[in-house]
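Going by this note's numbering, 316 is the number at position 258 of the sequence shown; the sequence numbering is gapless.
Right, one structure below, let's go through it.
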Amino acid sequence: MKIISASYILTCNNNFDILENCAICFDKTILDIDELTILEQKYPDAEVINLPKNSVLMPGLINPHVHLEFSSNKTSLEYGSFMTWLNSVIQKRDDLLSTCSDEVMQKQLKIMQKSGTTSFGAVSSFGNDFEACLKSPQRVVYFTEILGSRPDAVDILFDDFKSRLRHVEDNANERLIPAISIHSPYSTHPILAKNALDIARKFHYVVSTHFMESVAERDWLDSGQGEFNDFFSNFAPNSKPMSSATSYIELFEGCKTLFTHCVQAKQEEIEKIEKIGGSITHCPVSNRLLGVGRLEIENIKKPMLNLGTDGLSSNISLNLWDEMRSALMMHFKADLNKLAPLLLQMSTSNAAQALGLNAGEIAKEKLADFIVCEVHDDTQLESLALALILHTKFTKATYIAGEKI
């Protein structure tokens with residue numbers, strides 16, 4: 059049992075309460091929160107850690123959407139438009155996968171740890187990232203992904219998916235949690251999606267999916283036209299959309315689902331996602347690099363929003379502080395001192411809720427996954443969140459399950 063005190067504690071709860079000159083008592087979970095002197099009296103045998111002046115204690119960051127399998131990418135892929143990027147991914151995928159070794163992925167996981175990411179959602183298309191995730195001290199919600207649109211390959215693809223999922227289930231523990239990803243409405247046959255979602259409902263697995271990322275996807279699902287029409291004609295002439303946007307969302311009823319991107323989603327689709335209890339993962343850097351537009355977060359209820367980096371196939375960093383800084387610039391009309399607390403909630407409590415983790419807040423009975431940062435002497439309380447986002451790159455300390463890593 060330990061007690062740690064800080065100048066500021068960011069709870070990252072719904073009200074974004076900030077506690078001054080308080081402390082927490084913890085082991086694997088947070089046992090108590092109060093003034094240091096009171097906790098010392100209540101827990102006289104606890105080890106006491108006094109953080110320096112201007113230290114900030116807050117929940118560990120949670121990145122709900124990462125593609126580690128493309129971590130070897132630096133300048134191989136082409137940016138600027140979604141279809142240009144997608145074609146470059148298909149062209150260079152094998153080379154990127156072959157050069158993305160365990161060592162490469164572990165290096166990125168170390169960077170994520172150093173920047174304070176204590177939990178993340180790993181979206182895995184091939185299973186190449188499994189060993190790196192299994193070895194990580196972080197909590198990993200491991201999304202085994204299914205995709206494929208050819209009706210004649212449904213059985214083969216589903217058998218392969220089940221095999222990869224079973225491997226995850228066989229190795230599951232308190233820090234490696236099986237989950238399921240349905241790639242997207244344009245790439246996954248509805249039969250595959252339904253079969254995988256039946257498994258998710260049966261075992262209460264969290265689900266992730268890409269949805270309405272680009273204008274090309276919007277045009278394809280609405281009318282069967284646009285850039286995807288030309289794209290699919292190269293693989294399967296006379297292809298047609300496999301579902302509408304609305305019918306795709308309805309597939310996920312009864313599943314705890316993260317809908318990633320949603321840049322081109324209509325307001326009624328956002329409301330449909332809310333109605334079925336879904337959340338929306340915002341990836342601002344990826345959206346900018348692929349030229350898909352800006353997610354209008356001001357039109358989405360705050361608890362629904364969480365923040366992800368996507369993978370290095372469409373980003374230059376898996377550091378959530380970098381992502382938050384980019385979001386500050388992307389949403390340029392928002393009040394900075396209102397946007398900053400929201401971004402911190404999106405990267406902690408909201409993400410924890412989306413992934414089904416008992417973390418993301420400094421509160422009693424939550425997991426003791428927290429980080430220590432610091433701010434300057436003259437930082438005002440009302441601008442504390444903004445100061446953290448602007449000036450933090452790496453943490454002073456990171457704790458997972460009460461242990462410093």
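Glycine included, each C-beta is placed from N, C-alpha and C at the ideal position.
Val433 and Leu378 have their C-alpha atoms spaced approximately 18 Å apart. A distance below 7 Å between beta-carbons, with the five flanking residues on each side excluded, links Ser441 to the following residues of its chain, in chain order: Asn395. Minimum Cα-Cα distance from Leu215 among the listed residues Pro248, Ala237, Ser302 and Val198 corresponds to Pro248.
If only uninterrupted beta strand (DSSP E) runs of at least 3 residues are considered, those enclosed by the region 406 to 436 are 428 to 432. In the three-state DSSP reduction, Lys100 falls in the helix class (H, G or I). Rounded to whole angstroms, the gap between the alpha carbons of Asn131 and Ser272 is 22 Å.
Between the region 232 to 245 and the region 197 to 217 there are three or more C-beta pairs closer than 8 Å, enough to call the two in contact.
Secondary structure at Ser173: coil, using DSSP grouped into helix, strand and coil. Ser407 sits away from Asn73, with the two beta carbons spaced by 8 Å or more.
Taking 8 Å as the cut-off, the beta carbon of Ile307 is found closer than this to the beta carbon of Ile334. The DSSP-derived three-state label of Lys314 is coil. By the Cβ neighbour-count rule, Phe428 is buried, with 16 or more other Cβ atoms within 10 Å of its own. From the listed residues Leu402, Ala410, His319 and Gln99, the smallest Cα separation to Gly351 is found for His319. Using a Cβ-Cβ distance cut-off of 8 Å, the region 224 to 237 and the region 187 to 206 are in contact, since at least three pairs of beta carbons, one from each stretch, lie closer than that value.
Per DSSP, Thr133 is not a residue of any beta strand (DSSP E), being assigned neither H nor E. Going by beta carbons, Asp153 and Lys422 fall outside the 8 Å limit. Distance from the CA of Lys168 to the CA of Ile463, rounded to the nearest whole angstrom, comes to 10 Å. If you compare the alpha carbons of Val212, Gln164, Gln403 and Met270 with that of Lys252, the shortest gap goes to Val212. Between the alpha carbons of Ser372 and Gly282 lies a gap of roughly 26 Å. Considering only Phe289, Gly179, Phe188 and Arg197, the residue with the shortest C-alpha distance to Thr267 is Gly179. Taking Ser134 as the centre and dropping the five residues before and after it, the same chain places the C-beta of Ser146, Lys150, Asp153 and Leu154 closer than 8 Å to its C-beta, in chain order.
Unbroken alpha helix (DSSP H) stretches of 4 residues or longer found wholly inside the region 172 to 252: 188 to 193 and 212 to 228, given in chain order. In the three-state reduction of the DSSP assignment, Ala323 falls in the coil class, being assigned neither a helical nor a strand state. Counting along the chain, Thr87 sits inside no beta strand (DSSP E), nor does DSSP assign it H or E at all.
For Ala230, the number of other beta carbons within 10 angstroms of its own is below 16, and it is reported as exposed. If you check the CB distance, Cys341 and His123 come in under 8 Å.
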